Amino acid sequence: MGDSGNGGAAGVRRERAGAERLIEGLTVAVASALSLVLLAALAVVFGTTSLHLVTDPGTTVFRRIAVPVVLLALVVLPPALACLVLRSGRRRGRERLTAAVPAALTLLGATTVPFAALVLILVHAD
Numbered sequence: 005m006g007d008s009g010n011g012g013a014a015g016v017r018r019e020r021a022g023a024e025r026l027i028e029g030l031t032v033a034v035a036s037a038l039s040l041v042l043l044a045a046l047a048v049v050f051g052t053t054s055l056h057l058v059t060d061p062g063t064t065v066f067r068r069i070a071v072p073v074v075l076l077a078l079v080v081l082p083p084a085l086a087c088l089v090l091r092s093g094r095r096r097g098r099e100r101l102t103a104a105v106p107a108a109l110t111l112l113g114a115t116t117v118p119f120a121a122l123v124l125i126l127v128h129a130d
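Its first residue numbered 5, the sequence shown is counted upward by one per residue in this note's numbering.
Printed below as a string of structure tokens:
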């Protein structure tokens, strides 16, 4: 009887671990997919804006350099933050998937902020 009780508890732990891995995997997949869509939209809009500013004859040299650099930083910053969070989780000895969940959510959050700012700019632009 003692063995069957322990086997049942181990089975529940394995089932629970599998369910947790599934939820973690889905969280990482959904957050990553949404982040990539938002980053792609940002890259397209910022790329066309930069191209327009660089080729515009009335643009100053400072603006031709500064605007693309700032826009590139806004696109590169979210993945860089996510990498830092992932490395921090891995240093603490967490499993790869468990460390990836906060990284994916950081990527999603960091991508949402510039995208929301872009939407606000486009909505209120004259």
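By construction, the Cβ of each residue, glycine as well, lies at the ideal position given by its N, Cα and C atoms.
Since the structure is predicted, the reported quantities are computational estimates derived from the model, not experimental observations.
Original post:
Once you ignore the five residues that flank residue 57 on each side, which residues in its own chain have a CB closer than 7 Å to its CB?
Top reply: Mapped onto the sequence shown, residue 57 falls at position 53. The answer, listed in chain order, is 63, 67, 68, 71.
Original post:
What is the DSSP secondary structure of residue 129, reduced to helix, strand or coil?
Top reply: For the purposes of this step, residue 129 is identified with residue 125 of the sequence shown, where counting begins at 1. If DSSP states are grouped into helix, strand and coil, residue 129 belongs with coil.
Subject >> Among 39, 25, 32, the one whose alpha carbon lies nearest that of residue 117 >> reply: For the purposes of this step, residue 117 is identified with residue 113 of the sequence shown, where counting begins at 1. Checked all of 39, 25, 32; the closest Cα to residue 117 is 39.
Original post:
Mind checking residue 52: buried by the 16 CB within 10 Å criterion, or exposed?
Top reply: Within the sequence shown, numbered from 1, the residue matching residue 52 stands at position 48. Its Cβ having fewer than 16 others within 10 Å, residue 52 is exposed.
**OP:** Tell me whether residue 89 is buried or exposed, calling it buried when 16 or more other Cβ atoms sit within 10 Å of its Cβ.
**Re:** The sequence position of residue 89 within the sequence shown is 85, counting from 1. The residue in question, residue 89, is buried, as its Cβ has 16 or more Cβ neighbours within 10 Å.
Subject >> Inter-residue spacing [alpha-carbon to alpha-carbon] between residue 33 and residue 61 >> reply: Position 29 of the sequence shown, counting from 1, holds the residue named residue 33. Position 57 of the sequence shown, counting from 1, holds the residue named residue 61. Using only the alpha carbons, I get a separation of about 44 Å.
Subject >> For residue 31 and residue 108, believed in contact at Cβ under 8 Å, the rounded distance >> reply: Mapped onto the sequence shown, residue 108 falls at position 104. Mapped onto the sequence shown, residue 31 falls at position 27. Indeed, because the Cβ distance is near 7 Å, the residues count as touching under 8 Å.
**OP:** Answer with buried or exposed for residue 86, where buried requires no fewer than 16 other C-beta atoms within 10 angstroms of its C-beta.
**Re:** Along the sequence shown, read from residue 1 onward, the residue named residue 86 stands at position 82. So residue 86 ends up on the buried side.
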